[in-house]
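Please read the structure below before turning to the comments.
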Amino acid sequence: MSSTADPMKAAAVAVRENAYAPYSKFKVGAAVRSASGAIYAGCNVENAAYPEGTCAEAGAIAAMVAAGETELVEAFVIADCPAPVPPCGGCRQKLAEFAKADVKITLATTDGVTSETTVGDLLPGSFGADFLDQN
Ligand code: THU
């Protein structure tokens with residue numbers, strides 16, 4: 001499917017162009033579709049103080065929350081790498097905060113290789129809000 005035929009891929013491909021990755025040179029684009037159907041995009045934004053950098057998924061989720069939405073129903077992540085880019089541990093936790101376990105996550109390379117997974121498969125046994133409701 002071409003990037004223009006898949007709006008999620010198109011959004012992730014486009015935002016990846018804006019990634020600020022002068023240190024790793026590893027540009028990532030992410031798109032999330034919220035419960036309303038809107039698509040929010042984010043790219044990684046690195047920093048000379050390396051730990052202050054943020055991931056593409058975090059940017060897309062932040063854009064969704066800033067727009068007043070707190071449920072994502074699909075995500076797409078793309079990078080230029082040999083195999084579909086796996087989200088880091090922190091991003092798996094961030095996705096799990098706003099998505100049900102069966103939500104589809106598409107991981108992609110810029111060469112057109114994709115793989116599909118779910119939030120639950122990315123982060124089994126996750127810590128979530130339920131654990132805070134015990135008192
Ligand atoms: N990165 C993301 O933005 N998302 C991922 O899923 C994997 C890694 C970024 C963080 C950093 O800017 C660069 O890729 C190299 O780790």
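For the sequence shown, my numbering gives the first residue as 1, with consecutive numbering after it. Each residue gets a CB set at the ideal place from its N, CA and C atoms; glycine is no exception.
DSSP state of residue i mapped onto helix, strand, coil
i: Cys-43; result: strand
i: Phe-26; result: coil
i: Leu-122; result: helix
i: Ala-12; result: helix
Counterpart residues of residue i in DSSP-defined beta bridges
i: Val-113; result: Note: Val-113 sits in no beta bridge, so no partner.
i: Val-77; result: Ala-30 and Leu-107
i: Thr-54; result: Val-45
For residue i, the nearest candidate out of the options (CA to CA)
i: Ala-41; options: Lys-27, Ala-60 and Ala-101; result: Ala-60
i: Thr-114; options: Ala-56, Phe-76, Ala-21 and Thr-54; result: Phe-76
i: Ala-12; options: Tyr-20, Pro-22 and Ile-39; result: Ile-39
i: Pro-86; options: Asp-130, Ile-105, Met-8 and Gly-53; result: Ile-105
i: Lys-27; options: Glu-17, Ser-36 and Glu-74; result: Glu-17
i: Ala-30; options: Gly-112, Asn-44, Glu-97 and Leu-122; result: Asn-44
i: Pro-82; options: Thr-110, Ala-62, Gly-128 and Asp-121; result: Thr-110
i: Ser-126; options: Lys-94, Met-8, Glu-116 and Leu-107; result: Lys-94
heavy atom of ligand 1 below 7 angstroms from residue i C-beta
i: Asn-44; result: yes
i: Val-73; result: no
i: Gly-53; result: yes
i: Val-28; result: yes
i: Glu-57; result: yes
i: Ala-31; result: no
i: Ser-115; result: no
i: Val-77; result: yes
i: Pro-87; result: yes
i: Ala-14; result: no
i: Cys-81; result: no
i: Ala-60; result: no
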